[in-house]
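Trainee: This note's numbering puts the sequence shown at residues 14 to 101.
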Amino acid sequence: EALAKGGSVEWKNKEEGGKTALHICVVNRPAEDSDVDSWKGVECAELLIQNGAKLDADDFDHHKVLDCAVLGNAKREMIEYLSSKAGV
Numbered sequence: 014e015a016l017a018k019g020g021s022v023e024w025k026n027k028e029e030g031g032k033t034a035l036h037i038c039v040v041n042r043p044a045e046d047s048d049v050d051s052w053k054g055v056e057c058a059e060l061l062i063q064n065g066a067k068l069d070a071d072d073f074d075h076h077k078v079l080d081c082a083v084l085g086n087a088k089r090e091m092i093e094y095l096s097s098k099a100g101v
């Protein structure tokens, strides 16, 4: 909804160490008691990227999006998706 209302995909949340929505999206995992098949993390990341989110955006610790995914123990599917987008 924020994107539809003109929100910036490059906005950095100071309270989250300067992470963008994409940084946060990639480390988000389904809740323990939720249906894992309903997890839409990769779709969320793809939507953000299609709307201009940058994989090379740095947070305040100079971590790029893929760095955050690996350090944040992201789901394997997410790391594979980001690696393919980054050409790794």
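C-beta: ideal position from N, C-alpha, C; glycine also.
#1: Suppose you measure from the CA of A82 to the CA of A15; what does that come to, to the nearest Å?
#2: With a CB to CB cut of under 7 Å and the five nearest residues on each side skipped, what residues in its chain are close to K88?
#3: Quick one: what does DSSP say K27 is sitting in, helix, strand or coil?
#4: Starting from the Cα of C57, find the closest Cα among K18, E90, G19 and G100 and give me that residue.
#5: Quick check on the burial criterion: 16 or more other C-beta atoms within 10 angstroms. Buried or exposed for D72?
Mentor: In this structure, then:
#1: Straight-line spacing of the CA atoms in A82 and A15 works out to 23 Å.
#2: Excluding residues within five positions, the ones whose Cβ falls inside 7 Å are R42 and G54.
#3: The answer is helix: DSSP assigns K27 an H, G or I state.
#4: That would be E90, whose Cα lies nearest to the Cα of C57.
#5: D72 is buried by the Cβ-count criterion.
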